[in-house]
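For the sequence shown, the residue numbers in the UniProt record's numbering are 1 to 327. The beta-carbon is built from N, C-alpha and C at its ideal position, and this holds for glycine as well. Note that this is a predicted model, so its numbers are computed, not measured.
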Amino acid sequence: MDNIYGNVILPEMGKGADSPGCHKELTLNSKTTSHVLMDPVYGNVILPEMGKGADSPDCHKSPHYSPYVTQQPSGSKGNVSTSRGLLLFSLALSVGLLAGLVAVAYLYSNAQTKLDLIEALHKNVSATLNTTETKLDLIKAQLKNLTATLNTTDSIAQTMLDLIEALHKNLSAALNTTDTCVCRVCPEGWANNSGRCYLFSSTNKTWSQSRDHCITLGGHLVIVNNQEEQSFLSQSAIEDFYWIGLNDLETEGQWIWVDSTPLNETGAVFWLKRSDKPDEPDEPDNWMGENSSGEDCGVVSKIGEWFDNSCNKLFTFVCERPLIGLD
Numbered sequence: 001m002d003n004i005y006g007n008v009i010l011p012e013m014g015k016g017a018d019s020p021g022c023h024k025e026l027t028l029n030s031k032t033t034s035h036v037l038m039d040p041v042y043g044n045v046i047l048p049e050m051g052k053g054a055d056s057p058d059c060h061k062s063p064h065y066s067p068y069v070t071q072q073p074s075g076s077k078g079n080v081s082t083s084r085g086l087l088l089f090s091l092a093l094s095v096g097l098l099a100g101l102v103a104v105a106y107l108y109s110n111a112q113t114k115l116d117l118i119e120a121l122h123k124n125v126s127a128t129l130n131t132t133e134t135k136l137d138l139i140k141a142q143l144k145n146l147t148a149t150l151n152t153t154d155s156i157a158q159t160m161l162d163l164i165e166a167l168h169k170n171l172s173a174a175l176n177t178t179d180t181c182v183c184r185v186c187p188e189g190w191a192n193n194s195g196r197c198y199l200f201s202s203t204n205k206t207w208s209q210s211r212d213h214c215i216t217l218g219g220h221l222v223i224v225n226n227q228e229e230q231s232f233l234s235q236s237a238i239e240d241f242y243w244i245g246l247n248d249l250e251t252e253g254q255w256i257w258v259d260s261t262p263l264n265e266t267g268a269v270f271w272l273k274r275s276d277k278p279d280e281p282d283e284p285d286n287w288m289g290e291n292s293s294g295e296d297c298g299v300v301s302k303i304g305e306w307f308d309n310s311c312n313k314l315f316t317f318v319c320e321r322p323l324i325g326l327d
């Protein structure tokens, strides 16, 4: 309470104002004085007792009587000093609390900034780690493929090495065989077929001249022994007809080879058959239209068939001989 009126001494009720300084400390009726007592302005108020006169034995006389006398509280100066101290303490405490809050806010801000930096660093490290793991997986896959390739290469290399060793053995064996054998080839200008040599002439001669020429070359007019040899002759032919070593000069109709082997013993017969011309005979027909002696010598055609023809006609011929050895 702010006791600015000190202690107020009121005059007794029912007495005049000119009563000689009589006053008494009274207790107010609650209805009459409640509003006074509740107001802090009237801190210490001494009211006169109701119904008492100025001559009451409790009355104090004073030549300077006043109905309201304010008494200053004895401890008012001490209360002011205490209030100022409390105010200064409260102010200092508020400043301290404010400074503490500012410091806490500053520390929180710094901590939050550092936390953000740490989170960003963690994200970067995680991304780098993921990239590194991806690259590592790729390297592992490449290493696996490389290992498989190396294994395949090793297998191929081993196969090649085995093949080279086998070829080396075969070559060594062939060289050893060559040292102990004589190589056999055909003379220049002759064709090799199944180990036999053949010469297709480019000049025309009679059958007898052709036979003699082949003998001078170390061979004879060709003797056809099988279908393979017949096919070789027809496929190699350039001219339409070639003399072969077949004739029936000694006995008409009995065809023999130049080595005196009868044709029917070889089992290889390729006379032309005129199945599409039933009015014409098959070969050999011993036709005498150009020579009264008939046709007694055999030729092979480019189409792979045999014909009999006049031995005096001029045709190219085929000589046959064995391989020759090289010294």
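Per DSSP, D308 is one residue of the beta strand (DSSP E) stretching across W306 to N309. Within its own chain, the residues whose Cβ lies closer than 6 Å to the Cβ of C214, once the five positions on either side in sequence are excluded, are H220, L221 and C319, listed in chain order. Between the segment 272-288 and the segment 228-245, the count of Cβ pairs shorter than 8 Å is below three; the stretches do not touch. Note on the segment 221-305: whole alpha helix (DSSP H) runs with a minimum of 4 residues are 227-236 and 263-266, in chain order. Distance from the CA of A92 to the CA of A103, rounded to the nearest whole angstrom, comes to 16 Å. In this model, E229 and T147 are separated by some 56 Å (Cα to Cα).
Residue state for N110 is assigned as helix, using DSSP reduced to three classes. Pairing F317 with S208 gives a Cβ-Cβ distance that is not under 8 Å.
Assigned with DSSP and collapsed to three states, T316 falls in strand. Taking A237 as the centre and dropping the five residues before and after it, the same chain places the C-beta of K302 closer than 6 Å to its C-beta, in chain order.
Between T251 and A166, the alpha-carbon positions lie close to 59 Å from each other. In the DSSP secondary-structure assignment, A174 is not bridged to any residue. Inclusion of N291 and V299 in the CB contact set at 8 Å is not warranted, their separation being larger than that value.
Shown here, N124 sits in a helix according to DSSP, grouped into three states.
K277 and V224 have their C-alpha atoms spaced approximately 27 Å apart. If you ignore the 5 residues before and after Q254, its C-beta comes within less than 6 Å of the C-beta of D248, all in its own chain and listed in chain order.
Under the DSSP assignment, C197 falls in the beta strand (DSSP E) whose first and last residues are R196 to F200. About 12 Å separates the CB atoms of E295 and P281; that is not less than 8 Å, and the two are not in contact. Per DSSP, N204 lies in no beta strand (DSSP E) and is assigned neither H nor E. Residue pairing for V102: DSSP places it in no beta bridge. Residue environment analysis places L246 among the buried positions, since at least 16 neighbouring C-beta atoms fall within 10 angstroms of its C-beta.
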